[in-house]
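*Asks:* Got a structure here, written out as structure tokens. Questions coming.
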Amino acid sequence: MTSKKNKQTSPGLLQGLWRKTRAKTRENFSEHPLWELWVDVITVTLLTLLFTWLLFDSDFSGNIFGTAAEIDTPELIDLYSASAHQTDVPRYSNITLLSIDGCSRQEVTTALEILNGMEPRAIGVDVVFQYPAEEDDALINAIVNNDKIVMATIPSNGSYFEQALREQETCFGSVVFNTSSRYDVIRSFLPAVLNETDTTWSFDILLARKAGATTGCFVPYDKQQYIAYSNLMMDTLNCLDLIDPSADLTAIAERVKDKIILMGDLNALTDLHRTPIDANLSGVMIHAYMLDTILRRDIIRVSPDWLNCCISNGHTMMQRAWLCVSPN
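Residues in the sequence shown are numbered from 247 upward in steps of one, following our numbering.
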């Protein structure tokens, strides 16, 4: 009987204790209303720091913030991209980089002519030829005679070379990420620029279409789309590899066939940009990530502004705290 009575009265005692505690807490908050506000602020801050921490490896032996720590005002997409790039399983892409570092226009011309017979799916030329050269006629013919080529162009910065190619109805796509300053962080791209008279398609959208891909998932085309900076592995060649008399063109053809070729200067100091994964990433590499995003239809949804603000501020606070306690 005693045991049964205790079981019946224990819940009543606990409820009474809980009511007294709540009443006392409410009384304290009524006397000091700012306490409740500070509790909310501290709770949100701790949750923000915890969520930021979970975005990265918690191994203190390295920099848990990745490249995003080098961005003055990081956004949530920067933290996501840096974390995904570090933790994703490396994935081989159908994109091959063709570097023109140290090559003359004549060598570029010869490489394009050889490349045309190796049956790539499409060729994107991310090169702006600003000044005239003796080899221009041969280079223009090599481009015009290859219907798989898409040329990159910077709006309002067309060169004489571009004007000559447009007369031949060469396919041009616009570079639609911010290239006005190397300090701007490249997070997104614009699939197309729409105006009242016509549509200017982006270089990467046209290149994907040239390769046979569909791009309808990026409708509306005039809306910014985030770049998926995944852990991408790409084959790399140099134009000199193609024109070398001792080169094994059969082996190179196997590496090029049915691939999308991106041609450009991988080490040009004037074409380096800040991204969430690298503070000095070449424009050609950025195009490769943009093209891969389009080919895989990897659409990244945008988080609400308030969450972006909380994570960004939490990241900054945690970064500064880490710098204060770091032994290095």
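Quick reminder that beta carbons are idealized off the backbone N, C-alpha and C, glycines included.
Might you give, ordered along the chain, the residues of its own chain that have their beta carbon closer than 7 Å to the beta carbon of residue 339, omitting 5 neighbours on each side?
*Replies:* So the list reads 478, 479, 480, 538, once near-sequence residues are dropped.
*Asks:* Since residue 440 is in the beta strand (DSSP E), which residue starts that stretch and which ends it?
*Replies:* That run of the beta strand (DSSP E) goes 438-440.
*Asks:* Excluding five sequence neighbours on each side, which residues of the same chain lie with their C-beta closer than 7 Å to the C-beta of residue 367?
*Replies:* Taken in chain order, the residues that qualify are 457, 458, 504, 505, 506.
*Asks:* Who are the Cβ neighbours of residue 323 in its own chain at under 6 Å, not counting the five residues just before and after it?
*Replies:* Contacts found: 433, 472.
*Asks:* Just the C-alpha distance for residue 499 and residue 488, rounded to the nearest angstrom, thanks.
*Replies:* Using only the alpha carbons, I get a separation of about 10 Å.
*Asks:* Please look up how many angstroms separate the CB atoms of residue 392 and residue 369, rounded, as I've assumed it's under 8 Å.
*Replies:* Yes, they are in contact, since the Cβ atoms of residue 392 and residue 369 sit about 7 Å apart, within 8 Å.
*Asks:* Go ahead and label residue 365 buried or exposed: buried means 16 or more other beta carbons lie within 10 angstroms of its beta carbon, across all protein chains shown.
*Replies:* Label assigned to residue 365: exposed.
*Asks:* Kindly give me the distance between the Cβ atoms of residue 540 and residue 451, rounded to whole angstroms, as I take these residues to be in contact under 8 Å.
*Replies:* Their Cβ separation, rounded to whole angstroms, is 6 Å, which keeps residue 540 and residue 451 in contact under 8 Å.
*Asks:* Taking the beta carbon of residue 377 as the centre, do at least 16 other beta carbons fall within 10 Å, making it buried, or is it exposed?
*Replies:* Flag for residue 377 reads exposed.
*Asks:* Output the boundary residues of the beta strand (DSSP E) element that contains residue 369.
*Replies:* First-last of the beta strand (DSSP E) with residue 369: 368-371.
*Asks:* Does the separation of the CB atoms of residue 240 and residue 372 fall below 7 Å?
*Replies:* An answer regarding residue 240 cannot be provided, because it is not within the stretch 247 to 574 covered by the chain.
*Asks:* For residue 440, collect the residues of the same chain with a Cβ closer than 6 Å to its Cβ; drop the 5 residues on either side in sequence, then sort them by chain order.
*Replies:* Around residue 440: 468.
*Asks:* Please report the distance separating the alpha-carbon of residue 387 from that of residue 510.
*Replies:* Approximately 19 Å between the Cα atoms of the pair.
*Asks:* So within the stretch 317-347, which uninterrupted alpha helix (DSSP H) runs reach at least 4 residues, ignoring any that extend past its ends?
*Replies:* Counting whole runs of 4 or more residues, the stretch 317-347 contains the alpha helix (DSSP H) stretches 322-333.
*Asks:* Can you give me the C-alpha to C-alpha distance between residue 326 and residue 341, rounded to a whole angstrom?
*Replies:* Rounded to whole angstroms, residue 326 to residue 341 spans 23 Å at the Cα level.
*Asks:* Helix or strand or just coil, what does DSSP make of residue 509?
*Replies:* It is a strand residue.
*Asks:* Quick one: grab the DSSP three-state call for residue 475.
*Replies:* Coil, per DSSP.
*Asks:* May I have the straight-line CA-CA distance separating residue 460 from residue 291, to the nearest angstrom?
*Replies:* Near 43 Å, if we compare the C-alpha coordinates of residue 291 and residue 460.
*Asks:* If you draw a straight line from the C-alpha of residue 516 to the C-alpha of residue 288, how long is it?
*Replies:* Taking the straight line joining both Cα atoms gives about 45 Å.
*Asks:* Quick check: what's the CA-CA separation for residue 438 versus residue 449?
*Replies:* Each residue's alpha carbon lies about 9 Å from the other.
*Asks:* Along the alpha helix (DSSP H) that carries residue 364, what are the first and last residues, could you check?
*Replies:* That residue, residue 364, is in no alpha helix (DSSP H); it is neither H nor E in DSSP.
*Asks:* Return the residue from the list 435, 512, 421, 491 that minimises the CA-CA distance to residue 345.
*Replies:* The residue with the shortest Cα to Cα distance from residue 345 is 512.
*Asks:* Quick one: grab the DSSP three-state call for residue 375.
*Replies:* Here residue 375 sits in coil by DSSP.
*Asks:* Excluding the five sequence neighbours on either side, which residues of its own chain have a C-beta within less than 7 Å of the C-beta of residue 354, listed in chain order?
*Replies:* Answer for residue 354: 346, 385, 485, listed in chain order.
*Asks:* Rounded to whole angstroms, how far is the Cβ of residue 382 from the Cβ of residue 407, which I believe are closer than 8 Å?
*Replies:* Going by Cβ atoms, the distance from residue 382 to residue 407 rounds to 7 Å, so yes, they are a contact pair.
*Asks:* Whole-angstrom Cβ separation of residue 343 and residue 493, contact assumed at under 8 Å?
*Replies:* Wrong, their Cβ atoms sit about 17 Å apart, outside the cutoff.
*Asks:* What is the residue span of the beta strand (DSSP E) that residue 399 lies within?
*Replies:* Residues 395-399.
*Asks:* Roughly how many whole angstroms lie between the Cα atoms of residue 418 and residue 412?
*Replies:* Those two C-alpha atoms are separated by around 8 Å.
*Asks:* State buried or exposed for residue 302, treating a residue as buried only when at least 16 other CB atoms are found within 10 Å of its CB.
*Replies:* For residue 302, the predicted model reports a pLDDT of 48, less than 50, meaning its position is unreliable; a value from the coordinates is still stated below. By the neighbour-count rule (16 or more Cβ atoms within 10 Å), residue 302 is buried.
*Asks:* According to DSSP, is residue 529 helix, strand or coil?
*Replies:* Correct three-state label for residue 529: helix.
*Asks:* Following the continuous beta strand (DSSP E) through residue 449, name the residue where it begins and the one where it ends.
*Replies:* Element bounds for residue 449: not the beta strand (DSSP E) but the alpha helix (DSSP H), 449-456.
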